[in-house]
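A.B. asks: Right, I'll just put the structure down here and ask away after.
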Amino acid sequence: MAAKSWGVAMPTVVRLVFLCFFLYTTVSISLSCMSLVTLLLFLGSIYLLDEPKTSTATPVSTRNPLKGKPQTSGLNEEREKQVAHAVSDFVSYDAENCRVLDKFGVIRMGSQFGADPHVFGRGVRRVLQTLSDLDPAGVRCMDKSYVSKRGWVFEFNRVTMFITTFAPCYPPSNSRYAFGADDCFILFQPELSFAQHDLPDDTPVTNWDNPVTVRDRIRTAFRAAGRSYNIRETILYPMAHDIVKPLFDDDPLVEWWLKE
Numbered sequence: 001m002a003a004k005s006w007g008v009a010m011p012t013v014v015r016l017v018f019l020c021f022f023l024y025t026t027v028s029i030s031l032s033c034m035s036l037v038t039l040l041l042f043l044g045s046i047y048l049l050d051e052p053k054t055s056t057a058t059p060v061s062t063r064n065p066l067k068g069k070p071q072t073s074g075l076n077e078e079r080e081k082q083v084a085h086a087v088s089d090f091v092s093y094d095a096e097n098c099r100v101l102d103k104f105g106v107i108r109m110g111s112q113f114g115a116d117p118h119v120f121g122r123g124v125r126r127v128l129q130t131l132s133d134l135d136p137a138g139v140r141c142m143d144k145s146y147v148s149k150r151g152w153v154f155e156f157n158r159v160t161m162f163i164t165t166f167a168p169c170y171p172p173s174n175s176r177y178a179f180g181a182d183d184c185f186i187l188f189q190p191e192l193s194f195a196q197h198d199l200p201d202d203t204p205v206t207n208w209d210n211p212v213t214v215r216d217r218i219r220t221a222f223r224a225a226g227r228s229y230n231i232r233e234t235i236l237y238p239m240a241h242d243i244v245k246p247l248f249d250d251d252p253l254v255e256w257w258l259k260e
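Using UniProt numbering, read the sequence shown as starting at 1 and increasing by one per residue.
Encoded structure:
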């Protein structure tokens with residue numbers, strides 16, 4: 001036991017000895033060659049006598065290629081915080097650089113959320129609720145009583161966002177089709193980006209035969225791909241109703257905002 005204790009204390013003793021030599025050889029204003037040597041010995045004792053640290057790095061095969069952070073299954077507390085901080089950094093930066101404010105995707109919610117739209121909706125609510133709870137501006141939009149009504153919009157750090165979601169449960173005929181991906185996706189698009197791209201005002205009217213506006217071209221492209229989406233007869237409808245879509249247009253609304 002005594003030998004082990006001496007082994008642990010020895011680097012500190014050696015460092016103190018070299019420090020004393022350095023101070024002894026540096027008693028005048030001028031720096032002598034001996035003081036330089038003792039300084040180098042002291043600095044060397046700091047770096048060379050430390051025990052090598054065991055690497056705890058995550059194997060490359062388990063890392064997220066997008067963020068370099070270890071992947072975990074599901075939506076645990078640590079991942080929820082990472083998501084919130086990532087979105088916060090994105091919004092804080094791009095709010096000052098409006099020309100590049102475009103979109104921010106949160107991917108890999110976990111394949112267990114993609115069984116059906118209702119399970120998916122619960123996962124979406126957890127993500128949005130986490131972001132709302134950690135909103136640096138303190139708005140906490142998910143705690144509002146009118147989430148399912150007109151006038152509500154998702155807001156984080158004073159930036160309102162349009163949200164679109166995708167999951168493997170949707171068939172190829174659905175506009176939220178995930179193209180064979182196993183995981184679920186949430187796309188956050190700051191509403192300011194619509195103005196940056198000069199997107200025209202929303203309208204229920206579409207020029208199908210002769211697309212003119214960006215909206216016309218988007219709608220005709222989705223229809224040509226066999227994934228046309230429902231276009232209401234009015235633009236006055238709750239935004240929350242379109243965040244998580246049902247499998248088919250005739251299916252009941254997915255009330256994802258309801259707490260479990």
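Ideal placement from N, C-alpha and C gives every residue a C-beta, glycine not left out.
Please return the same chain residues whose Cβ sits closer than 7 Å to the Cβ of PRO65, not counting the five positions on each side in sequence.
C.D. replies: For PRO65, the pLDDT reaches just 30, beneath the cut-off of 50, and the residue's location in the model is therefore unreliable, although a value from the coordinates is still provided. Here the set comprises nothing.
A.B. asks: Which whole-angstrom value describes the C-beta separation of GLY123 and MET109, a residue pair presumed to lie in contact below a C-beta threshold of 8 Å?
C.D. replies: With 8 Å as the limit, GLY123 and MET109 qualify as a contact, their Cβ atoms being about 5 Å apart.
A.B. asks: Could you tell me whether the Cβ atoms of TRP256 and PHE120 are closer together than 9 Å?
C.D. replies: Closer than 9 Å, so yes.
A.B. asks: Starting from GLN129 and walking both ways along the alpha helix (DSSP H), at which residues does that stretch end?
C.D. replies: 117-133 is the span of the alpha helix (DSSP H), which, as asked, contains GLN129.
A.B. asks: Please classify GLU155 as buried or exposed, where buried requires at least 16 other C-beta atoms within 10 Å of its C-beta.
C.D. replies: With 16 or more Cβ atoms within 10 Å of its Cβ, GLU155 is classed as buried.
A.B. asks: Let me check understanding here. Comparing Cα to Cα, which of ALA240, LYS245, LEU128, ASN157 lies closest to TYR229?
C.D. replies: Ranking ALA240, LYS245, LEU128, ASN157 by Cα distance to TYR229 puts LYS245 first.
A.B. asks: Reducing DSSP to helix, strand and coil, say where LYS159 ends up.
C.D. replies: Checking the sequence shown, residue 159 turns out to be Val, not Lys. VAL159: strand per DSSP, three-state reduction.
A.B. asks: How should GLY114 be labelled, buried or exposed, when 16 other C-beta atoms within 10 angstroms of its C-beta is the threshold for buried?
C.D. replies: The residue in question, GLY114, is buried, as its Cβ has 16 or more Cβ neighbours within 10 Å.
A.B. asks: How about the stretch 135-153 and the stretch 179-186: do they share at least three Cβ pairs that are nearer than 8 Å?
C.D. replies: Flag = no, the stretch 135-153 and the stretch 179-186 do not touch.
A.B. asks: Under a three-way DSSP split, which group does ALA221 fall into?
C.D. replies: In this structure, ALA221 counts as helix in the three-state DSSP scheme.
A.B. asks: PHE202 to ILE243, Cα distance in whole Å?
C.D. replies: One detail in the question is off: residue 202 reads as Asp in this sequence, not Phe. Distance between the alpha carbons of ASP202 and ILE243 is about 17 Å.
A.B. asks: List the DSSP bridge partners of THR213.
C.D. replies: Its beta-bridge partners do not exist; DSSP assigns none.
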